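S.K.: Please find one structure pasted underneath; my questions will follow.
In UniProt numbering, the protein residues as written are 1 to 359.
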């Protein structure tokens, strides 16, 4: 990433926020978490503010604390398709107990609904075998080897229709050219899928694939398969070293590192002042204490967050940042103050008003 390349800005929308006590804030909107308006409103605000990406978590497990329960992430993204115009919608799609054929169809449909703004964050589901009763619990290596196969199947299915397979020939009554539909004939340890898909090739051809590099198994898959690699760091120096290591690993995997974006997760809370933000977080901790954070986070004002984003960009610590609000609803109201303007991205000052009275 060069200084002239804009920093990608993403947001992770997780329930009422990633802090387990966020639902106790008076402005949390916890009563609306299982309504469509809650999600479409937050995503529309992120879109209007100019954020590039929205990540939507999903899981087969209940949260240990906080607002309990999940809505299905692909469904949320589909619901928000018409409420957004530019932002990329990237739901998590767990693969451990899901059929890749179904995931391929759902994500291709999302790409059509958003006119080419869909992505897929690949996740696995340890400890969930008893919810399904179809197979034994797997270790981490097996889970991510299965995920590797799932990504292969999903992406092959996206390609199983050629771009011009739909011919819609009224004279002959042929809707598709069957010579341009292809069996994928995949056989692996976990899946055997013949194909082709029943959904045409998505507008993007291949919706973006995101993977969080959280351990050796997920990292190995990310460097071989992901367009977006999410990661965490303790500070900017750690982030810079991790980005360099991931780019080198992508290159060793035979891929062009410049075609992969490294995204740094950043836990955030903002208020009018840094003191107010710290007081807010102290209240959350008083309600539900959590472990002392060891990863990079920002508790402060919109101005100090913008300064940190500039440091991340200027120091090449990441290609982008995924903001993870401790309290989502209040953070969403701050979005217009957080996204750098074009002038600020270019290092140019905001001009004064020539007609305003000077003091």
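By construction, the Cβ of each residue, glycine as well, lies at the ideal position given by its N, Cα and C atoms. All of these numbers come straight from a predicted model, not from anything done at the bench.
1. Since residue 230 and residue 265 are thought to touch, with beta carbons under 8 Å apart, how far apart are those beta carbons, to the nearest angstrom?
2. Below 8 Å on the Cβ atoms is my guess for residue 260 versus residue 326; work out the distance and round it to an integer in Å.
3. One question on the structure: do residue 61 and residue 128 come within less than 9 Å of each other, judged by their Cβ atoms?
4. On the DSSP letters alone, give me the boundaries of the alpha helix (DSSP H) that residue 47 sits inside.
5. If you follow the alpha helix (DSSP H) that residue 219 is in, where does it begin and where does it stop?
6. On the criterion of 16 or more Cβ atoms from any shown chain inside 10 Å, does residue 131 qualify as buried, or is it exposed?
7. Could you work out which residue in 352, 350, 335, 349 is closest to residue 10 when comparing CA atoms only?
8. Classify residue 289: buried if its beta carbon has 16 or more other beta carbons within 10 angstroms, exposed otherwise.
9. For residue 355, count the other beta carbons within 10 Å of its own beta carbon; 16 or more makes it buried, fewer makes it exposed. Which is it?
10. Give the DSSP-derived three-state secondary structure of residue 62 in the structure shown.
11. How far does the beta strand (DSSP E) with residue 333 in it extend, from its first residue to its last?
12. Answer with buried or exposed for residue 175, where buried requires no fewer than 16 other C-beta atoms within 10 angstroms of its C-beta.
13. Using beta-carbon positions only, say whether residue 120 and residue 103 come within less than 9 Å of one another.
14. Across which residues does DSSP place residue 121 in a beta bridge pair?
15. Could you tell me the alpha carbon to alpha carbon distance between residue 26 and residue 97, rounded to whole angstroms?
16. Find out if the Cβ-Cβ distance for the pair residue 23, residue 15 is shorter than 9 Å.
17. Any chance you could list the beta strand (DSSP E) runs of at least 3 consecutive residues sitting entirely within the segment 168 to 194, in chain order?
18. Within a Cβ cutoff of 6 Å, which residues of the same chain sit near residue 105, ignoring the five residues on either side of it in sequence?
19. Measuring alpha carbon to alpha carbon, tell me which of 171, 86, 51, 35 ends up nearest residue 73.
20. Mark residue 141 as exposed unless 16 or more other C-beta atoms lie within 10 angstroms of its C-beta, in which case mark it buried.
21. With burial defined as no fewer than 16 other Cβ atoms inside 10 Å of the residue's Cβ, what is the status of residue 59: buried or exposed?
M.R.: In brief:
1. Confirmed, Cβ separation roughly 6 Å.
2. That pair is no contact at about 29 Å.
3. Less than 9 Å divides the Cβ of residue 61 from the Cβ of residue 128.
4. Element bounds for residue 47: 36 to 49.
5. Under the DSSP assignment, residue 219 falls in the alpha helix (DSSP H) whose first and last residues are 216 to 225.
6. By the 10 Å Cβ count, residue 131 comes out exposed.
7. When each option's Cα is compared against that of residue 10, the closest is 335.
8. Exposed, because fewer than 16 other Cβ atoms sit within 10 Å of the Cβ of residue 289.
9. With fewer than 16 Cβ atoms within 10 Å of its Cβ, residue 355 is classed as exposed.
10. In this structure, DSSP gives residue 62 a state outside helix and strand, which the three-state scheme calls coil.
11. Residue 333 -> not in any beta strand (DSSP E); alpha helix (DSSP H) instead, spanning 328 to 338.
12. Exposed.
13. Against a cut-off of 9 Å, the Cβ pair of residue 103 and residue 120 comes out as a contact.
14. 92, 210, per the DSSP bridge assignment.
15. When rounded, the distance between both Cα atoms is 37 Å.
16. With contacts defined by Cβ atoms closer than 9 Å, residue 23 and residue 15 form a contacting pair.
17. Correct list: 174 to 176.
18. The answer, listed in chain order, is 199.
19. In terms of Cα proximity to residue 73, the closest of 171, 86, 51, 35 is 35.
20. Exposed: under 16 other Cβ atoms inside 10 Å.
21. Burial call: exposed.
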